[in-house]
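Peer 1: In the working numbering, the protein residues as written are 22 to 357. Idealized CB from N, CA, C, for every residue including glycine.
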Amino acid sequence: MTKEVYLTGITTTGTPHIGNYVGAIRPGIEASRDLTTKHFYFLADYHSLAKNEDPDKISRSTLEIAASWLALGLDTEHAYFYRQSDIPEILELTWILHGMTAKGLMNRAHSYKASVQANVESGNKDPDKGVLMALYSYPILMAADILMFKSTRVPVGQDQKQHVEMARDIAQRFNHHYGEVFVLPQPVIGEDTAVLKGLDGRKMSKSYNNTIPIFAPEKALRKLIMKIKTNSLEPGEPKDTDDSTLFDIFKAFATPEETEEVRKLYAEGIAWGQMKQKLFEYINDHIKPARDEYERLIADPGVVEAELRKGASKAREISVLYLAEIRDAVGIRRLG
Ligand code: TRP
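1. For His-10, report the span of its beta strand (DSSP E) as first-last.
2. Return the CA-CA distance between Ile-46 and Arg-355, expressed in angstroms with no decimal places.
3. What are the complete alpha helix (DSSP H) segments, minimum 4 residues, inside the segment 75–121?
4. Who are Val-26's beta bridge partners in DSSP?
5. Let's see if you can read the secondary structure: which residues bound the beta strand (DSSP E) around Val-175?
6. Tell me whether Leu-64 sits in a helix, a strand or coil according to DSSP, three-state version.
7. For Ala-155, which of Tyr-62, Thr-34 and Tyr-67 has the nearest alpha-carbon?
8. Which runs of the beta strand (DSSP E), 3 residues or longer, sit entirely within the segment 167–233?
9. Inspect the beta-carbon positions of Ser-53 and Ala-92 and report whether they are closer than 9 angstroms.
10. For the ligand TRP, is there any heavy atom lying closer than 8 angstroms to the beta carbon of Tyr-159?
11. In this structure, does DSSP put Ile-319 in helix, strand or coil?
12. Give the range of the alpha helix (DSSP H) segment to which Ser-132 is assigned.
13. Less than 8 angstroms separating the Cβ of Gln-181 from some heavy atom of the ligand TRP?
14. Tell me the residue span of the alpha helix (DSSP H) that contains Ala-52.
15. Let me see if you follow: with CB-CB separation under 9 angstroms, is Leu-114 close to chain D or not?
16. Would you say the beta carbon of Ala-177 comes nearer than 8 angstroms to a heavy atom of the ligand TRP?
17. Run the CB neighbour count on Glu-282, radius 10 Å, all protein chains shown included, and call it buried at 16 or more, exposed below.
18. Indicate the three-state DSSP secondary structure (helix, strand or coil) for Ile-31 in the structure shown.
19. Under 8 angstroms: does the beta carbon of Leu-153 sit that close to some heavy atom of the ligand TRP?
20. In the DSSP assignment, find the unbroken alpha helix (DSSP H) run with Asp-269 in it and report its ends.
21. Gly-257: beta carbon under 8 angstroms from a heavy atom of the ligand TRP?
22. Classify Asp-166 as buried or exposed, calling it buried when 16 or more other Cβ atoms lie within 10 Å of its own Cβ.
23. Whose CA, out of Ala-275, Asp-77 and Val-175, lies closest to the CA of Pro-206?
24. What span of residues does the alpha helix (DSSP H) with Asn-128 cover, start to end?
25. Tell me whether the beta-carbon of Phe-63 lies closer than 9 angstroms to the beta-carbon of Gly-35.
26. Heavy atom of the ligand TRP less than 8 angstroms from the Cβ of Gly-30, yes or no?
27. If you compare alpha carbons, which of Gly-323, Ala-327, Trp-90 and Thr-262 is closest to Phe-61?
28. Which same chain residues end up closer than 7 angstroms to Leu-84 when comparing Cβ atoms and leaving out the 5 residues on each side of it in sequence?
29. Under 8 angstroms from any heavy atom of the ligand TRP, does the C-beta of Ala-65 make it?
30. Does the ligand TRP have a heavy atom nearer than 8 angstroms to the CB of Ile-167?
31. What do you reckon, is the C-beta of Val-185 under 8 angstroms from a heavy atom of the ligand TRP?
32. With the cut-off set at 9 angstroms, would you say Glu-258 and Phe-271 are in Cβ contact?
33. Secondary structure at Ile-304, three-state DSSP: helix, strand or coil?
34. Does the ligand TRP have even one heavy atom less than 8 angstroms from the beta-carbon of Met-127?
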């Protein structure tokens with residue numbers, strides 16, 4: 022049996038928050054300790070151009086995301102850790118795949134449809150108003166990311182599942198037309214990976230502006246935790262763990278035994294202020310060693326740059342050779 026190949030990308034917009042940590046970074050780093058499978062983690066910086074973002078923010082986000090994975094202990098000897106834009110073969114493949122992608126397939130992409138829907142609802146004459154080609158063909162770039170490294174399994178959130186299915190459709194059509202060139206990928210939707218709630222009780226997401234950055238400095242971390250929404254139950258009144266953001270976040274970090282203890286404290290009526298302090302102390306202790314390393318890396322971006330370059334040259338040992346095969350398959354060939 023061939024080895025499973027896991028691959029996932031992180032778009033370089035925003036500062037990594039504890040929702041990213043619990044949902045993607047921590048499980049990714051844990052999975053990469055399995056030496057019987059291959060792992061590719063990369064910074065999808067070209068994907069960040071699908072919306073007009075501020076250039077300095079994109080570059081800052083690239084540094085912050087890379088430094089976070091490194092500080093949290095990703096083993097870059099075993100896992101491939103690179104920046105998409107350092108692998109030019111991915112962009113070449115993106116164009117080749119354009120030749121096997123039906124426009125109609127892209128019309129059905131959820132993110133594109135959501136933009137059209139918003140235009141229609143706001144009464145715009147042009148349903149495509151504000152839609153960039155980079156947004157429209159985003160799934161093709163993502164297919165190139167996935168197919169370039171013969172990924173078999175792609176861990177993503179529910180919102181990205183359709184994109185992985187599209188990559189599979191495109192690969193299938195290509196194979197049908199040109200022969201068995203691509204490996205068909207499958208989305209992996211983590212069932213037990215927690216979706217954390219944010220400060221306001223909605224899903225933690227940078228689009229809701231309700232996040233807690235993983236490496237917020239101690240004071241800022243405390244301040245943010247103090248802002249988490251609770252209800253108006255008084256100290257001494259028993260509290261429900263089911264509908265408590267504080268409890269959910271605690272549970273995402275703590276051991277099952279510690280979680281049980283806190284469940285008891287809820288039943289006994291712990292005051293919200295006290296619970297917030299407890300959560301702050303717990304997360305702070307948990308994150309502190311990695312935070313020190315993160316701060317060191319942010320202050321010395323050359324170290325991060327060198328890691329990414331090392332990862333890219335490892336990844337290109339695969340992509341350069343494979344792209345030559347793919348070009349040959351479609352008829353882009355030397356003449357003699
Ligand atoms: N589009 C993904 C997201 O926004 C990021 C991404 C880019 C990705 N390329 C990928 C994920 C390839 C998995 C595989 O979350």
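Peer 2: In brief:
1. The requested residue 10 is not part of the displayed model; the chain covers only 22 to 357.
2. 42 angstroms
3. 76–92 and 109–119
4. Lys-59
5. 174–176
6. strand
7. Tyr-67
8. 174–176 and 207–209
9. no
10. yes
11. helix
12. 131–142
13. yes
14. 47–52
15. Protein chain content of the structure displayed is limited to a single chain, and chain D is not contained in it.
16. For clarity, residue 177 is Val in the given sequence; the question names Ala instead. Yes, the Cβ of Val-177 comes within 8 angstroms of a heavy atom of the ligand TRP.
17. exposed
18. strand
19. no
20. 266–274
21. no
22. buried
23. Val-175
24. 124–128
25. no
26. yes
27. Trp-90
28. Ile-319, Pro-322 and Val-325
29. yes
30. yes
31. yes
32. no
33. helix
34. no
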